[in-house]
Amino acid sequence: MVQQFVNKYFYYLFFFTYIFSIVLHDIIGFGGIDEICGFILLLLFFYNMFNYKEWPINKAFLLTLFLFLLYVGYSIWIGSNTKKAIATDLIIQLKPYLAFFCTYQLLPQFDKNQKNLLKETVLAIWILLVPLGIAGFVNDNILWNVMGHPSCFAAAVVASSLIYLYCSDYTPRDRIIFLIMLALGIASGRSKFYGFFALAGFMILYASNAKHIKLNFKNIMAIILLLGVIVAVAYQKIELYFIEGMTAEAGDEQDFLARFVLYSTSIDILKDYFPFGSGLASFATHASGEYYSGIYEEYGIDTVWGLSKTYHKFIADTYYPSLAQFGMAGVFFFLTFWIYIFRKAALFFIRTQQTRTLVIVTLIIGYILIENIADATFTSNRGFFMMVFLGLLCAEQKRELAAISGKDASSTITTEK
Numbered sequence: 033m034v035q036q037f038v039n040k041y042f043y044y045l046f047f048f049t050y051i052f053s054i055v056l057h058d059i060i061g062f063g064g065i066d067e068i069c070g071f072i073l074l075l076l077f078f079y080n081m082f083n084y085k086e087w088p089i090n091k092a093f094l095l096t097l098f099l100f101l102l103y104v105g106y107s108i109w110i111g112s113n114t115k116k117a118i119a120t121d122l123i124i125q126l127k128p129y130l131a132f133f134c135t136y137q138l139l140p141q142f143d144k145n146q147k148n149l150l151k152e153t154v155l156a157i158w159i160l161l162v163p164l165g166i167a168g169f170v171n172d173n174i175l176w177n178v179m180g181h182p183s184c185f186a187a188a189v190v191a192s193s194l195i196y197l198y199c200s201d202y203t204p205r206d207r208i209i210f211l212i213m214l215a216l217g218i219a220s221g222r223s224k225f226y227g228f229f230a231l232a233g234f235m236i237l238y239a240s241n242a243k244h245i246k247l248n249f250k251n252i253m254a255i256i257l258l259l260g261v262i263v264a265v266a267y268q269k270i271e272l273y274f275i276e277g278m279t280a281e282a283g284d285e286q287d288f289l290a291r292f293v294l295y296s297t298s299i300d301i302l303k304d305y306f307p308f309g310s311g312l313a314s315f316a317t318h319a320s321g322e323y324y325s326g327i328y329e330e331y332g333i334d335t336v337w338g339l340s341k342t343y344h345k346f347i348a349d350t351y352y353p354s355l356a357q358f359g360m361a362g363v364f365f366f367l368t369f370w371i372y373i374f375r376k377a378a379l380f381f382i383r384t385q386q387t388r389t390l391v392i393v394t395l396i397i398g399y400i401l402i403e404n405i406a407d408a409t410f411t412s413n414r415g416f417f418m419m420v421f422l423g424l425l426c427a428e429q430k431r432e433l434a435a436i437s438g439k440d441a442s443s444t445i446t447t448e449k
């Protein structure tokens, strides 16, 4: 009964989050929708937990919460910002991890009818996006005016395509339809999307064949070629942030200068605040701008356009520089988290020889990591949805492995690493 309740209301939440946190987020302009969805997810999590006598909680989740608690104490100890700012940043930084682990803990499952409804919905929304995309090829201002930003259009296309792939039977026809749906995102004109599309093409056309997922010379060369293609198609963005940013002058690409300064300063902070960083709410996050952090003045970047106390629009415009708050230790934990998720998908593939989950998990991880270059996607509404999606996929893996082993999936949550 408990699992049926969870399955039913998680499905509603997933559906709602897709519509209002991805497709309509910037159209309706309600920025707090992912916080509302996160709160509902937490309620489901606690309802599920309190209905088990042993209170099952994943060990990796407990470790994550413990590490964040340590960083809160560390931040207060070094005075990285006010306590209110630290609390605000804690909520923002913890949100994607809560999205993943809470979903994974719930072990939700969609039945065939629910998947069909989702598939029909994303196809209908994609059809509505087609004329918008065609118009965007002619005049990209249309995407700005309707969607709020071309990246919002791209996110809607990516989410719709991935949901279709997840809800399909993963036949060759389904995979081709997925690529056709995803191709609409090219209209966004985003270099990051081009890189993601190259990754998707490789995963669908090459890695979907289980025989190709082997560590040999041929596959290593294929991966190197893929990385080369991704860098090539995203070179414009790399050039803007890491080359032109160094030479930009006042009044000339100042927004790119701000982002370059964030990246370059983050390296200095990693060295100066080794190994635990400058603390929560101190650098390259929303809270560090809202409760203006003294670290910007400390490094002499408080006069940079977009990073000043009076105008800090670009302070949280990328994600990776914010890792300086957590230091080299935080960078290690961040990378370990992604390895933890990918390892689950890889082990599932080794056990079952099913490429579907490995492909979708890799695509979601790739999307987040690529988007983070020039957007704080991981901690945004888009990141929240994608992390919930990852949790759903990992929960599906756990159920199937438990079925193979003849065990109850919920009983193994606390024993795994």
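Just so you know, we're using my numbering here: the sequence shown kicks off at 33 and counts up by one.
All residues carry an ideal CB built from backbone N, CA and C; glycine is no exception.
Boundaries (first-last residue) of the alpha helix (DSSP H) holding Glu403:
Run containing Glu403: 388 to 403, per the alpha helix (DSSP H) assignment.
Contact defined as beta carbons within less than 8 Å: I believe Cys199 pairs with His57. What is the distance between those atoms, to the nearest angstrom?
The pair is not a contact, with the Cβ atoms about 21 Å apart (cut-off 8 Å).
Kindly indicate which residue of Leu422, Tyr331, Ile245 has the alpha-carbon position closest to the one of Val293.
Taking only the C-alpha atoms, the option nearest Val293 is Tyr331.
Run the CB neighbour count on Gly227, radius 10 Å, all protein chains shown included, and call it buried at 16 or more, exposed below.
The residue is buried, with at least 16 neighbouring Cβ atoms inside 10 Å.
Same chain, Cβ closer than 7 Å to Leu341, neighbours up to 5 away in sequence not counted
According to the sequence shown, residue 341 is Lys rather than Leu. Tyr324, Asp334.
Rank Phe366, Tyr372, Ile400, Glu428 by C-alpha distance to the C-alpha of Gln386 and give the top, closest one.
The shortest Cα separation from Gln386 among Phe366, Tyr372, Ile400, Glu428 belongs to Glu428.
Can you give the Cα-Cα distance for Leu424 and Arg388, rounded to whole angstroms?
If you take the alpha carbons of Leu424 and Arg388, they lie about 14 Å apart.
Contacts around Phe42, its chain only, beta-carbon distance under 7 Å, and the 5 residues preceding and following it disregarded
Beyond the five residues adjoining it in sequence on each side, Phe42 comes within less than 7 Å, by CB distance, of Leu76, Leu138, Pro140 in the same chain, given in chain order.
Measuring CB to CB, does Leu422 end up less than 9 Å from Phe380?
No, they are not a contact pair.
Would you mind working out which of Ala313, Leu395, Thr409 sits nearest Asn113, comparing C-alpha positions?
Of the candidates Ala313, Leu395, Thr409, the one whose C-alpha sits nearest the C-alpha of Asn113 is Ala313.
Could you check what DSSP says for Glu281 in three-state terms: helix, strand or coil?
Any reading at Glu281 must be qualified, since the residue scores a pLDDT of 45, below 50, and its modelled position is unreliable; no value is offered.
Any alpha helix (DSSP H) of 4 or more consecutive residues that is wholly inside the segment 209 to 265:
Complete alpha helix (DSSP H) runs here, min 4: 223 to 237, 249 to 265.
Alpha helix (DSSP H) containing Leu139: first to last residue?
Counting along the chain, Leu139 sits inside no alpha helix (DSSP H), nor does DSSP assign it H or E at all.
Out of Lys250, Pro182, Ser240, Trp109, state which residue places its alpha-carbon closest to the alpha-carbon of Gly221.
If we check each option's Cα against that of Gly221, Pro182 comes out closest.
Top-ranked residue by Cα proximity to Pro163, from Leu175, Val154, Pro353, Thr153
The alpha carbon of Pro163 has as its nearest neighbour, out of Leu175, Val154, Pro353, Thr153, the alpha carbon of Leu175.
Run the CB neighbour count on Gly111, radius 10 Å, all protein chains shown included, and call it buried at 16 or more, exposed below.
Around the CB of Gly111, fewer than 16 other CB atoms lie within 10 Å, so the residue is classed as exposed.
Under 8 Å, with one C-beta from each stretch per pair, do the segment 252 to 259 and the segment 301 to 317 reach the 3-pair mark?
Contact between the segment 252 to 259 and the segment 301 to 317 is absent, with fewer than three C-beta pairs closer than 8 Å.
Is any heavy atom of the ligand GDP found at a distance shorter than 8 Å from the C-beta of Lys144?
With respect to small molecules bound, the structure shown includes none, and the ligand GDP cannot be examined in it.
Using DSSP with H/G/I as helix, E/B as strand and the rest coil, what is Glu152?
In the structure shown, the three-state DSSP call for Glu152 is helix.
Here's the rule I'm using: 16 or more other beta-carbon atoms within 10 Å means buried, otherwise exposed. How should Val391 be labelled?
Counting the other Cβ atoms within 10 Å of the Cβ of Val391 gives 16 or more, which makes it buried.
If you draw a straight line from the alpha carbon of Leu101 to that of Lys376, how long is it in whole angstroms?
Taking the straight line from one Cα to the other gives about 26 Å.
Taking 8 Å as the threshold, find out whether the segment 202 to 216 comes into contact with the segment 66 to 80 through three or more Cβ pairs.
The segment 66 to 80 and the segment 202 to 216 do not touch, with fewer than three beta-carbon pairs separated by less than 8 Å.
Exposed or buried, what is Ser193 when buried is set at 16 or more other beta-carbons lying within 10 Å of its beta-carbon?
Buried is the call here.
Through-space distance from Trp370 to Tyr38, alpha-carbon basis:
The residue asked about is misnamed: residue 38 is Val in this sequence, not Tyr. In a straight line, the C-alpha of Val38 is about 26 Å away from that of Trp370.
Out of Leu73, Ala188, Tyr399, Ala408, state which residue places its alpha-carbon closest to the alpha-carbon of Ala131.
Nearest to Ala131 by C-alpha distance, out of Leu73, Ala188, Tyr399, Ala408, is Leu73.
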